[in-house]
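**Student:**
Number of protein chains: 4
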Amino acid sequence: MAVVQVTVVPVGSSKASISEHVAHCLDVLEGTGLKYQLNPMSTVIEGDLREVMEAIAKMHESTFGEGIDRVITAVAIDDRRDKELTMDGKLAAVRERRGK
Amino acid sequence: MAVVQVTVVPVGSSKASISEHVAHCLDVLEGTGLKYQLNPMSTVIEGDLREVMEAIAKMHESTFGEGIDRVITAVAIDDRRDKELTMDGKLAAVRERRGK
Amino acid sequence: MAVVQVTVVPVGSSKASISEHVAHCLDVLEGTGLKYQLNPMSTVIEGDLREVMEAIAKMHESTFGEGIDRVITAVAIDDRRDKELTMDGKLAAVRERRGK
Amino acid sequence: MAVVQVTVVPVGSSKASISEHVAHCLDVLEGTGLKYQLNPMSTVIEGDLREVMEAIAKMHESTFGEGIDRVITAVAIDDRRDKELTMDGKLAAVRERRGK
């Protein structure tokens, strides 16, 4: 299991808003059944690394079209093998350290 | 106002866990009074861009010491001038598009 | 064709140097036959997006082992469909703009 | 001394090409006198971390205007304190490991 952060940015869209594209990417992601969390800068996905990367490829691909000819996608993969890595587990570890 | 995502990673720490360092960075960030949200891959901060970048410099700096001689910090700045950009506003725009 | 930037960072390696791991990743990448350029912060790879992502998965995977239980990999994909995107073409476009 | 990677992306530019903006950012960076290298995905800058971050703030700021109301800037800071970190030194360490 890996935890992966992704941000998909359409380039040359003629408007500063990209929420329409983010919403469309999330619809695509939801179709994969993978567990995810949206935050104000990215979407964090948890699961088998290969499945997560397939999902990200679909999100990236789905952003082309309707005037969008260029897409820049940033991905950060956090992959740990000595213990199971989950979104909830990562947050809990930090909260426990802070005594909260 | 900008919305900025930051991830601070200590290198050469001799253990796979980094939650102790993330917790320490959040203590430093909390001292600045800036609004922020922790997620499983990064911390998202909102505010005047210069103040946010000062806070990130402090978080980065505070990670050195106690055996840590190298720190890799990733930052993504989202800065919009035609309307006010906030963490809540960004999430609300996506949710509205998805009809949720 | 896409142009993709990748940085693979081992966590908990007990030493600040990671050049050994970068060198190993480049050996793995060279085995794929894809065109690439190393720079001081990342490796830039050019090619069919699916093939490039397969190569990055191999680079990431090859970093585990010999005491490394956690790997953080950052990827930035630049994918353009209205004209062919290449590493040389991108650099040439910027140089031409600067009159150099 | 730190080595820092930066990519500045204008959003809503109405055209897929961004080389004009990259060229302008490099002109701004050249004005700072800092040592840098352009690659197909980013610009890598070497120097005192505070000076480099000031330069990046200028590059980011200079991208607004002439129809650009939103700029997304990605930064990766590599900062090492047990030995001097330079762009050339990082590349040499990897090349030496690979026996080239």
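Chains as they are written, first to last, in the working numbering: chain A, 1431 to 1530; chain B, 1431 to 1530; chain C, 1431 to 1530; chain D, 1431 to 1530. Glycine included, every Cβ here is placed at the ideal spot set by N, Cα and C.
#1: Any chance the stretch 1435-1448 of chain A sits against the stretch 1487-1504 of chain A, with 3 or more Cβ pairs inside 8 Å?
#2: Could you check where the beta strand (DSSP E) with L1515(A) kicks off and where it finishes?
#3: Is I1475(B) close to chain C? Criterion is C-beta to C-beta, closer than 8 Å.
#4: Taking all protein chains shown into account, do 16 or more other C-beta atoms lie within 10 angstroms of the C-beta of G1442(B), making it buried, or fewer, making it exposed?
#5: Applying the 10 Å Cβ sphere with the 16-neighbour rule, what's the burial state of A1446(B)?
#6: Take E1514(C) and list the residues in its own chain whose beta-carbon comes closer than 7 Å to its own, dropping the five residues that flank it on each side.
#7: Starting from E1476(A), follow its DSSP beta bridges and name the residues at the other end.
#8: Using 8 Å as the limit for Cβ to Cβ distance, is T1516(A) near chain C?
#9: Comparing alpha-carbon positions, which option in I1502(D), K1465(D) and G1461(D) lies nearest V1434(D)?
#10: Bridge partners for T1503(C) per DSSP, in chain order?
#11: The alpha helix (DSSP H) spanning L1450(C) covers which residue range?
#12: Could you check whether the Cβ of L1479(B) sits closer than 7 Å to any heavy atom belonging to the ligand SAH?
#13: Assign R1480(A) to one of two classes, buried (16 or more other C-beta atoms within 10 Å of its C-beta) or exposed (fewer than that).
#14: Which of the residues in the stretch 1484-1500 of chain D, read from start to end, lie with their CB under 8 Å from any CB of chain B?
#15: What are the partner residues of G1495(B), as DSSP defines its beta bridges?
#16: Mind the definition here: the stretch 1449-1468 of chain B touches the stretch 1491-1506 of chain B only if three or more C-beta pairs lie below 8 Å; say whether that holds.
#17: What residues in the stretch 1433-1444 of chain C have a beta carbon less than 7 Å from any beta carbon of chain B?
#18: Give the C-beta separation of I1502(B) and D1508(D) to the nearest angstrom, bearing in mind that I take them to be a contact with Cβ-Cβ under 8 Å.
#19: For A1504(D), collect the residues of the same chain with a Cβ closer than 6 Å to its Cβ; drop the 5 residues on either side in sequence, then sort them by chain order.
#20: Grab me the residues of S1472(C)'s own chain with a C-beta within less than 7 Å of its C-beta, minus the 5 sequence neighbours each way, in chain order.
#21: Can you tell me whether A1446(B) is helix, strand or coil according to DSSP?
#22: By the 10 Å Cβ neighbour count, where 16 or more other Cβ atoms means buried, how is A1410(C) classified, buried or exposed?
#23: In chain D, which residues lie less than 8 Å from I1502(A) when you measure between Cβ atoms?
#24: Which value, in whole angstroms, describes the spacing of the CA atoms of V1458(B) and L1468(B)?
#25: Beta-carbon of A1453(A) versus every beta-carbon of chain D: anything under 8 Å?
#26: Looking only at its chain, what residues have a beta carbon closer than 6 Å to the beta carbon of G1477(D), apart from the 5 residues adjacent to it on each side?
#27: Would you report the Cα separation of T1516(C) and E1526(A), rounded to the nearest angstrom?
#28: Closer than 8 Å by beta-carbon distance: list the chain B residues that pair up with I1507(C), in chain order.
#29: For V1474(B) versus P1470(A), is the C-beta spacing smaller than 8 Å?
**Tutor:** With the given structure in hand:
#1: yes
#2: Element bounds for L1515(A): n/a, residue is neither H nor E.
#3: no
#4: buried
#5: buried
#6: M1431
#7: V1433(A) and K1465(A)
#8: no
#9: K1465(D)
#10: I1507(A) and V1438(C)
#11: The residue asked about is misnamed: residue 1450(C) is Glu in this sequence, not Leu. Start and end: S1449 to E1460.
#12: Looking for the ligand SAH in the displayed structure turns up nothing, as the structure carries no ligands at all.
#13: exposed
#14: A1487, H1490, F1494, D1499 and R1500
#15: I1498(B)
#16: yes
#17: V1439, V1441, G1442, S1443 and S1444
#18: 5 Å
#19: T1437
#20: Q1435, V1436 and T1437
#21: coil
#22: No information on residue 1410(C) is available, as it lies outside the stretch 1431 to 1530 that chain C covers here.
#23: V1439
#24: 13 Å
#25: no
#26: L1464
#27: 47 Å
#28: Near I1507(C) there are no residues of chain B at all, since even the closest Cβ is about 15 Å away, more than 8 Å.
#29: yes
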